[in-house]
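So the structure is just underneath, and the comments pick up after that.
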Amino acid sequence: MDVELIEIREFLASHAPFDRLPADALDALPQRLAVRYLRRGSPFPPDDDDTPCLYILRRGAVEMRDAEGNLISKLAEGDLCPSPCGAGMADLSGKTAEDTLAYLLPCAELDRLREAHSAFAAHFDASMSDRMRRALDTMKDDTAGTALMTVQVGDLLSRPVTQGGPDISIRDAARIMSEARVSSLVLVDEGRLVGMITDRDLRNRCLAAGLSPEEPVRRIMTERLHTVRADTLGFEALITMSRLNVHHLPVLDETGVRGVVSTSDLVRVQSANAVYLVGDIRKAESVETLATISKRLPELQIQLVHSGATASQIGQAITAITDAITLRLLELAEAELGAPPVPYSWMAGGSQARREQSSHSDQDNALLIADHLKPDDDDYFKQLARRVNDGLNACGYVYCPGNVMASNDKWRQPLKIWTKYFNTWIKRPEPMALMLSSVFFDLRPIHDPEGLFGELAERIHTMSKKETIYIAYMAANALKHRPPLGFFRKFVLIRGGEHDHTFDVKHRGIVPIVDLARVYALSAGLDEINTPERLRAAGAARALSADGADNLVDAYEFIGTLRMRHQAAQLKRGEKANNFLSPDDLSPLERGHLKDAFALISTMQESLGQRYQAGRFA
Amino acid sequence: MSGFLLEQRRLARFRRLPDCPLRDYFAWPLPQPSRDYRSVEYVAVDLETTGLDARKDQILSIGWVVVAGQRIRLGTARHRLLRVEGAIPAESAVIHQITDDEAATGLDLAHVLPELLWELSGRVLIAHHARIELGFLSAACKQLWGVGLLIRAVDTQSVARRLLERRQIPFKGSDLRLHALCERYNLPRHGAHNALSDALSAAELFLAQAAYRDSGHGMKLGDFL
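Going down the list, the protein sequences come from chains A and B. When you number the first sequence by my numbering, it's gap-free, plus one each residue, and the end is 618. When you number the second sequence by my numbering, it's gap-free, plus one each residue, and the end is 1225.
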């Protein structure tokens, strides 16, 4: 190859599927190309080629329409139009939407490449969803320090498990631990895990409590343990620990207890400080301390992104911290205001409920109060709510712009009023109610000592079983945020202002999937809240095809991870994190996969729209 | 370049010359200006030189690519470094990023020119600010075979100037630079700045200019000369 065509070679090498060709095949490619210039408004692909050719867009843009004239796809720099070679898009016809420079590869050459290079050929055979899955895998591999993302907790347990029976004395238990140099002891009865003790239990429940070391260890053990499976990823274990604020988790496999994984085992693999942040939060004595701790959230997000965590995993970790802050704020408020006059439940809505927060999301919350509250009692809850809302705001969870917060009288109500609210939303869905649906159909109790939330949930479940109309309305609502058809300077990017030349990755990519997942979950009567969990459960319940579910999960993770990375980069530069992504910051490959993800969302929206004839309710 | 009696002069030189690569070139008729420009074949050429004076300065490198059937044929793209006598003036080394060492590995003009002449036979030359290319190529022919080059040429800069003047659009000299014009037509900016990438840019610019001037019914080659 003439080395000077290297620029064209590099262009091809950075776009799918040519990126999958080996170097020598890429070297030979440019000289097989011809170049054409097509003015805006020219038919595309042109029909005047002597030999049919694959078209590769170098500059410009093309709109492809179906026989009815519907806009199906937009092609931009790096996109292919293989229809003259009979490989897809055959029933589409297009026009150049801008002046366009295209590279032409004769179909015969394309066929030769497809025969010789299977990875290259796979692009034309593979469905869009396969391409996306591979992209996601690459993304996970990409980042350095993936240890905790890939290691299974079973692999962290080197020594044989240290265990004893529940009836040995506390002294014997302590001796076993000390000899084995471990900080925890699993207690097993007839092969069954019955409990566990840790160093801390020996200190707090035995020595400090003045309990005789001759007592059976059963008296100080922790029962009803949370466990993890041996194939659980290190990262998931860490998140479970931060959520529960524990430092040890027994690890089970098919044969029984394999051992105990501790935070220090995990931290040895990688320093991830979510668990420590939660620990600090529990000890914080003032809102100011909490605010200081929460300043480390951006750092955590950056660290997680760099360790190769996906959007879901980061969302889980950050939400665990938000939950801890919320709980601590409630404890601090109760310490000042005294015990509540009647039981209540603090509910989180939106992304906190779904465990999908990034640092820092807005706050959405509400207060559910027992029905027997007296008129005077509301003052207590008003003050409680005000303190927690202000505290969250001080910690960076800014006030909800729609005022969906417990300090708003409307969202601080007894059970019977909440029941009435949901009754209205379900039986007579209105636009206003739909606006709130993303908050109130994603609801999770953060603090609910008396199980009030369970009562509300039962009632919602009973009401919604008889009614389906609200699901049709929600389906229509789920079609409001449409993904872009492609990305083009001229078509979807925000023009002018602070966010010039960007697109809103949250509202055009993530919200559409979250909305879809909610509709599937509600229509199948599922109680999952987290979006990937909703999608998987809906797939299992046949509310959508298993493939459709998997693909949407992948799309969600791919788009979400791009967003998290974008935000991490901003935070690292000391900027405020936002959702405005510039296509220029994406590699051509990422752009390609993002387009696939958008196309998938669009397809799923179409089929949802048809199922509910959503147009009628829009 | 004046096209007056060009074809007659070509024939005369063909008859006068002894057997040599330039004679082979002159054996091919020059495309007539009355032909539809779409049926003509072109070679976009760019030279890098040690200066602007064709009588004194030398060619450092030549890049070319054939345009046929309104398509640039990348398979014909060539880039040739030439051996230069004496040291390369510092300022042109900076512009073209060709050093003495590289130039020392270059080819002889006597080796490269026949290759280019073969491609130019029966075709039209495309260059941006073609005066340089025509001047240096003609001087090189004269140096090797005693007779200058005759060829029809599309100067993309003149085409651009005429287009702007006809539309009465005010412009500055810098608006007529190759890369400024490429940007105007939404053409890629080729990263490396060398004789081949500029030849390629000129070829792309010509396709764009033709697409803008041709209403779809064709035009005469003469309209571009």
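Cβ coordinates follow ideal geometry from the N, Cα and C atoms, glycine included. The model shown is predicted, which means the values in this text are computed figures rather than measured ones.
query: Start and end of the beta strand (DSSP E) containing T1049 (chain B)?
result: From DSSP, the beta strand (DSSP E) with T1049 (chain B) extends over Y1042 to T1049.
TODO: Using DSSP bridges, identify the partner residues of P43 (chain A).
DONE: Bridge partners of P43 (chain A): A:K95.
Closest residue to V188 (chain A) among A:R200, A:A173 and A:E179 (Cα-Cα distance): Taking only the C-alpha atoms, the option nearest V188 (chain A) is A:A173.
Q) Once you ignore the five residues that flank N423 (chain A) on each side, which residues in its own chain have a CB closer than 8 Å to its CB? A) Cβ neighbours of N423 (chain A) beyond the five flanking positions: M463.
Q: Measuring alpha carbon to alpha carbon, tell me which of A:E68, A:R534 and A:I559 ends up nearest A353 (chain A).
A: Minimum Cα distance to A353 (chain A) is reached at A:R534.
- Residues in the stretch 40–72 of chain A with C-beta within 7 Å of chain B's C-beta atoms, listed in sequence order? Cβ contacts with chain B come from R58, R59 and G60.
For T263 (chain A), count neighbouring Cβ atoms within 10 angstroms of its own Cβ and tell me buried if that reaches 16, exposed if not.
-> Looking at its Cβ environment, which holds 16 or more other Cβ atoms inside 10 Å, T263 (chain A) is buried.
- [ ] Return the first residue and the last residue of the alpha helix (DSSP H) that G315 (chain A) is part of.
- [x] Going by DSSP, G315 (chain A) is part of the alpha helix (DSSP H) stretching over A311 to L337.
* Counting only the same chain and skipping the five closest in sequence on each side, list residues whose C-beta sits under 6 Å from that of K490 (chain A). => The pLDDT assigned to K490 (chain A) is 37, lower than 50, so where the model puts this residue is not dependable; a value taken from the coordinates is nonetheless given after this. If we look at K490 (chain A) and ignore the five residues flanking it on each side, it has no Cβ neighbours.
So what's F1224 (chain B) in DSSP terms, helix, strand or just coil? Note: F1224 (chain B) maps to helix in three-state DSSP.
Quiz item: Could one say the Cβ of I1072 (chain B) lies closer than 7 Å to chain A's Cβ atoms, at least one of them?
Solution: Answer yes: the Cβ-Cβ gap between I1072 (chain B) and chain A drops below 7 Å somewhere.
If you measure between the beta carbons of A406 (chain A) and L367 (chain A), is that distance less than 7 Å? The Cβ-Cβ distance between A406 (chain A) and L367 (chain A) falls below 7 Å.
Can you list, in chain order, the residues of the stretch 1036–1055 of chain B whose Cβ is nearer than 7 Å to any Cβ on chain A?
Under the 7 Å Cβ criterion, the stretch 1036–1055 of chain B contributes no residue.
* To do: List the residues of chain B whose Cβ lies closer than 9 Å to the Cβ of E575 (chain A), in chain order.
  => The CB of E575 (chain A) never comes closer than 9 Å to any CB in chain B; the least such distance is about 29 Å.
Discussion item. Bridge partners for Q413 (chain A) per DSSP, in chain order?
Written reply: DSSP lists A:L368 as partners of Q413 (chain A).
* Asked: So, using beta-carbon positions, are L54 (chain A) and L110 (chain A) closer together than 7 Å?
  -> For L54 (chain A) and L110 (chain A), yes; Cβs fall inside 7 Å.
### Message
Quick check on H1190 (chain B) - is its C-beta less than 7 Å from some C-beta in chain A?
### Response
The beta carbon of H1190 (chain B) sits closer than 7 Å to some beta carbon of chain A.
Practice problem: Count the CB pairs spanning the stretch 530–546 of chain A and the stretch 577–588 of chain A that are closer than 8 Å, and state whether there are at least three. | Solution: No, because fewer than three Cβ pairs between the stretch 530–546 of chain A and the stretch 577–588 of chain A fall closer than 8 Å, the two stretches do not touch.
Kindly provide the ranges of any alpha helix (DSSP H) runs that are 4 or more residues long and lie completely inside the stretch 1129–1210 of chain B, ordered along the chain.
Given a length threshold of 4 residues, each whole run of the alpha helix (DSSP H) inside the stretch 1129–1210 of chain B is given here in chain order: 1130–1145, 1156–1166 and 1178–1184.
- Taking one C-beta from the stretch 19–31 of chain A and one from the stretch 111–124 of chain A each time, how about it: are there three or more such pairs within less than 8 Å? Short answer: they touch.
Residues of chain A with a CB under 7 Å from the CB of G1075 (chain B): which are they?
Within 7 Å Cβ-Cβ: Q31 and R32.
| said: By the DSSP assignment, the beta strand (DSSP E) with H123 (chain A) in it spans what residues? | reply: That residue, H123 (chain A), is in no beta strand (DSSP E); its alpha helix (DSSP H) goes S118 to D125.
| said: Judging by CA-CA distance, which residue of A:T502, A:P414, A:E285 and A:A597 is the nearest neighbour of W346 (chain A)? | reply: Selected option, being the one with the closest Cα: A:P414.
Would the stretch 1171–1180 of chain B and the stretch 1145–1154 of chain B be scored as touching if the rule is three or more Cβ pairs under 8 Å?
The stretch 1171–1180 of chain B, when compared against the stretch 1145–1154 of chain B, does not touch it at the 8 Å Cβ threshold.
Point to revise | Residue closest to E285 (chain A), alpha-carbon to alpha-carbon, out of A:L327, A:C107 and A:L589 | key: Taking only the C-alpha atoms, the option nearest E285 (chain A) is A:L327.
| Based on Cα-Cα distance, which residue from B:D1019, B:A1180, B:V1045 and B:L1205 lies nearest to V1124 (chain B)? | Of B:D1019, B:A1180, B:V1045 and B:L1205, the residue nearest in Cα terms is B:V1045.
Inset, instruction - Answer with yes or no whether the minimum CB distance from D99 (chain A) to chain B is below 7 Å. - result: Yes, its Cβ sits closer than 7 Å to a Cβ of chain B.
Would you say L1207 (chain B) faces chain A, with C-beta separation under 7 Å as the test?
For L1207 (chain B), the answer is yes, since a Cβ of chain A falls inside 7 Å of its Cβ.
Using beta carbons (cut-off 7 Å, strictly below), is E7 (chain A) in contact with chain B?
At least one CB atom of chain B sits nearer than 7 Å to the CB of E7 (chain A).
query = When the cut-off is 7 Å and only beta carbons count, does A102 (chain A) lie next to chain B?
reply = Output row for A102 (chain A): interface = no.
inquiry  = Let me see if you follow: with CB-CB separation under 7 Å, is A1160 (chain B) close to chain A or not?
reply    = So, not an interface residue.
Next item on the list: Rounded to whole angstroms, what's the CA-CA distance from L1176 (chain B) to R1023 (chain B)? Just pull it up for me.
Entry: One C-alpha to the other measures close to 35 Å.
For this session: Going by DSSP, name the residue or residues bridged to I1126 (chain B).
Result: B:A1044 and B:V1154.
Notebook entry, point to check: In chain order, what residues of the same chain lie with their CB nearer than 6 Å to the CB of Q1058 (chain B), ignoring the 5 residues before and after it?
Noted result: Closer than 6 Å at Cβ, skipping near neighbours: T1050 and V1084.
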